[in-house]
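The structure appears right after this line, and notes come after that.
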Amino acid sequence: REHSTRSFNFGAYHRLETIYSWMDTFVAQHSNLVTKLDIGRSYENRPMYVLKFSTGGTKRPAIWIDLGIHSREWVSQATGVWTANKIATDYGTDASLTSLLNTMDIYMLIVANPDGYVVTHTNNRMWRKTRSKNSGYACLGVDPNRNWNAGFGGPGASSYPCSESYHGPSAHSEIEVKNMVNLIQSHGNFKSFISVHSYSQLLMYPYGYTCRGAPHQAELDSVAKAAVQKLSSLYGTSYKVGSICNIIYQASGGSIDWSYDAGIKYSFAFELRDTGRYGFILPADQIIPTASETWLALKHIMEYVRDHPY
Amino acid sequence: EKSFTGDQVVRVDVQSEEQLKLLQVLESEEKWNLDFWLHPVSTELPVDVLVPHTHLAAVKEYLQAHNIPFTVMIDNLQELLDQEKAEMKENHL
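Same order as they appear, the protein sequences are chains L and Z. So in this note's numbering, spot 11 of the first sequence is number 12, and the numbers just go up one at a time. So in this note's numbering, spot 28 of the second sequence is number 1474, and the numbers just go up one at a time.
What follows is the structure, encoded as structure tokens:
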């Protein structure tokens, strides 16, 4: 057990119970700023916790950040833990972040696919999907980033349950996705939605289900380019920027397409540093550099959202 | 625990639309259990695919037969996973 956030090793990969136990310590140490919300259970009945950073008010304009929806992308969840700690420790000392938190809330779901994450630690390190049963098939799971109600079932998603990109039987069939959708809809005042993945270093905006440009494409592109410039300033990491369809591939049923079509203009997806000869097995000594450079981009996006209310 | 001993991750730098189509055919071959880490979608982007050791020879043969150049990005996935596991154990201690 990690007894305090000070002794927690942010430069290591951790099991789900360690992350959840750290969350309790973290919330207790920053009780003026952070609360833990239980947003529902996963398919295998694990709790899904969102850390809410708030200085008060009700349903303030808010920023959503989810990480690790594809469970094997371990540097994502690890970056989430580091980032949560960064927000809490910089609040009150970093003027810009403090002003942001004085007007907006941040909601962070560090382990968006807890069942999958447990499987990557216990059974199959390369597991990507959820763990729901598919009637008539031995293969388990749905790709939770093909399961959102945005061009659901269209190009770039598979209807074959054994595929790594199986879209599921219906939109929001996965309880993990549904839990996120419920929170965001019931809140109703999210201004930004950021999904964090890891592989191949990209910062993307809608759309994925179609290759036509989003109505705010020019603005999103310029925000993303500026964010990436800040990210690259730390270690020179090279990122590509563009719409999902144009810079990676057409993929329907993705989270940021859903959020954008639901009216959350500043919707972005990161693919963090996790490439080269390591694949998803990015060495732990790269967690803190990855999280540190990502923070610069995240902060830029959040500041932009704060300064451009709509 | 699933073992990835001998499984390789192969990177293909796609050079033509024809090669792209051939890789898309490979992607739809369910019997080979390939896990595409980067899908074949553009000649501008590499394709990364995790190939189980049981199908390694067949996949490489397919690529060679169609003159599709590739490099082995991860030679033995299990070796990397073992290193990761050892590191995690050390961190726990």
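All residues carry an ideal CB built from backbone N, CA and C; glycine is no exception. Being a predicted model, the structure only gives us computed values, none of them experimental.
Listed from N- to C-terminal order along the chain, which residues in the region 119-134 of chain L have their beta-carbon within a distance smaller than 7 Å of any beta-carbon of chain Z?
Listed by position along the chain: 124, 125, 126 and 127.
Taking the straight line between their C-alpha atoms, what separation do you get for residue 2 (chain L) and residue 128 (chain L)?
Because the pLDDT of residue 2 (chain L) is 46, which lies under 50, any placement of that residue in the model is unreliable, and the number read from its coordinates should be weighed accordingly. Going by the C-alpha atoms only, they are around 26 Å apart.
Compare the C-beta of residue 1522 (chain Z) with all C-beta atoms of chain L and state if any pair is closer than 8 Å.
By this cut-off, residue 1522 (chain Z) is not an interface position.
Considering Cα atoms alone, identify which of L:61, L:265, L:160 and L:176 is closest to residue 103 (chain L).
Per the Cα distances, L:61.
Counting only Cβ pairs nearer than 7 Å, list the residues of chain Z close to residue 10 (chain L).
Ordered by position in chain Z, the residues that pass the 7 Å Cβ test against residue 10 (chain L) are 1537.
Smallest Cα separation from residue 214 (chain L): which of L:91, L:160 and L:262?
For residue 214 (chain L), the nearest C-alpha among the options comes from L:262.
May I ask you to list the residues that DSSP assigns as paired with residue 1495 (chain Z)?
Residue 1495 (chain Z) is bridged to Z:1456 and Z:1482.
For residue 225 (chain L), would you say it is in contact with chain Z, using Cβ-to-Cβ distances shorter than 8 Å as the test?
Not an interface residue.
Within 8 Å of any Cβ in chain B, is that where the Cβ of residue 14 (chain L) sits?
Given the protein chain composition of this structure (L and Z), no chain B is represented.
Count the CB pairs spanning the region 1493-1509 of chain Z and the region 92-106 of chain L that are closer than 8 Å, and state whether there are at least three.
Result no; under three Cβ-Cβ pairs closer than 8 Å.
Look at the Cβ atom of residue 110 (chain L), then the Cβ atom of residue 181 (chain L), and state whether they are nearer than 8 Å.
Cβ distance < 8 Å, so residue 110 (chain L) and residue 181 (chain L) count as in contact.
Does chain Z have any CB closer than 8 Å to the CB of residue 3 (chain L)?
Reliability fails at residue 3 (chain L), whose pLDDT of 47 lies under 50, so the model's placement of it is uncertain and no value is given.
Which word fits residue 246 (chain L), buried or exposed, when buried means at least 16 other C-beta atoms lie within 10 angstroms of its C-beta?
Residue 246 (chain L) comes out buried.
Output yes or no for whether 8 Å exceeds the beta carbon distance between residue 80 (chain L) and residue 292 (chain L).
The answer is yes: Cβ separation under 8 Å.
Which residues does DSSP list as the beta-bridge partners of residue 197 (chain L)?
According to DSSP, residue 197 (chain L) bridges with L:68 and L:271.
According to DSSP, simplified to helix, strand and coil, what is residue 89 (chain L)?
Of the three classes helix, strand and coil, the one that applies to residue 89 (chain L) here is helix, per DSSP.
Sort out for me which residues DSSP pairs residue 244 (chain L) with in a bridge.
Residue 244 (chain L) pairs with L:206.
Helix, strand or coil: how does DSSP classify residue 51 (chain L) here?
The answer is strand: DSSP assigns residue 51 (chain L) an E or B state.
Between residue 140 (chain L) and chain Z, is there a C-beta pair that is closer than 8 Å?
No, residue 140 (chain L) does not count as interfacial toward chain Z.
For the beta strand (DSSP E) containing residue 41 (chain L), name the first residue and the last one.
Its beta strand (DSSP E) spans residues 35-42.
For residue 118 (chain L), which residues from the same chain have a beta carbon less than 7 Å from its beta carbon, with the 5 sequence-adjacent residues on both sides left out?
These residues qualify, in order along the chain: 17, 69, 72, 78 and 112.
Which class does residue 1517 (chain Z) belong to by DSSP, given the choice of helix, strand or coil?
In this structure, residue 1517 (chain Z) counts as strand in the three-state DSSP scheme.
Using DSSP's beta-bridge definition, name the partner residues of residue 106 (chain L).
Beta-bridge pairing links residue 106 (chain L) to L:63.
Using CA atoms only, rank isn't needed, just tell me which of L:21, L:249, L:160 and L:142 is closest to residue 208 (chain L).
The option with the nearest alpha carbon to residue 208 (chain L) is L:249.
Along chain Z, in chain order, which residues have C-beta atoms closer than 8 Å to that of residue 165 (chain L)?
Within chain Z, the residues near residue 165 (chain L) are 1481 and 1482.
Taking residue 201 (chain L) as the query, report the chain Z residues whose CB atoms sit under 7 Å from its CB, ordered along the chain.
1484, listed in chain order.
Quick check: residue 257 (chain L) and residue 268 (chain L), are their CB atoms within less than 8 Å of each other?
Their beta carbons are under 8 Å apart, which means residue 257 (chain L) touches residue 268 (chain L) by this criterion.
Tell me which residue opens and which closes the alpha helix (DSSP H) that residue 128 (chain L) is part of.
Per DSSP, residue 128 (chain L) belongs to no alpha helix (DSSP H) and is neither H nor E.
Quick one: which chain L residues come within Cβ less than 9 Å of residue 1477 (chain Z)?
The contacting residues do not exist; residue 1477 (chain Z) stays about 11 Å from chain L at best.
Starting from residue 300 (chain L), follow the alpha helix (DSSP H) in both directions and report where the run begins and ends.
Taken as a continuous stretch (DSSP letters only), the alpha helix (DSSP H) holding residue 300 (chain L) covers 288-308.
Quick check: what's the CA-CA separation for residue 232 (chain L) versus residue 294 (chain L)?
Each residue's alpha carbon lies about 5 Å from the other.
Within the 8 Å Cβ cut-off, does residue 1526 (chain Z) reach chain L?
Closer than 8 Å to some Cβ of chain L, the Cβ of residue 1526 (chain Z) qualifies, so yes.
So, are the CB atoms of residue 1484 (chain Z) and residue 1472 (chain Z) less than 8 Å apart?
Against a cut-off of 8 Å, the Cβ pair of residue 1472 (chain Z) and residue 1484 (chain Z) comes out as no contact.
When DSSP builds the beta bridges, which residues end up paired with residue 191 (chain L)?
DSSP output for residue 191 (chain L) lists L:63 as bridge partner(s).
Let me confirm a value: residue 32 (chain L) is counted as buried when at least 16 other C-beta atoms fall within 10 Å, else exposed. Which label applies?
Exposed is the call here.
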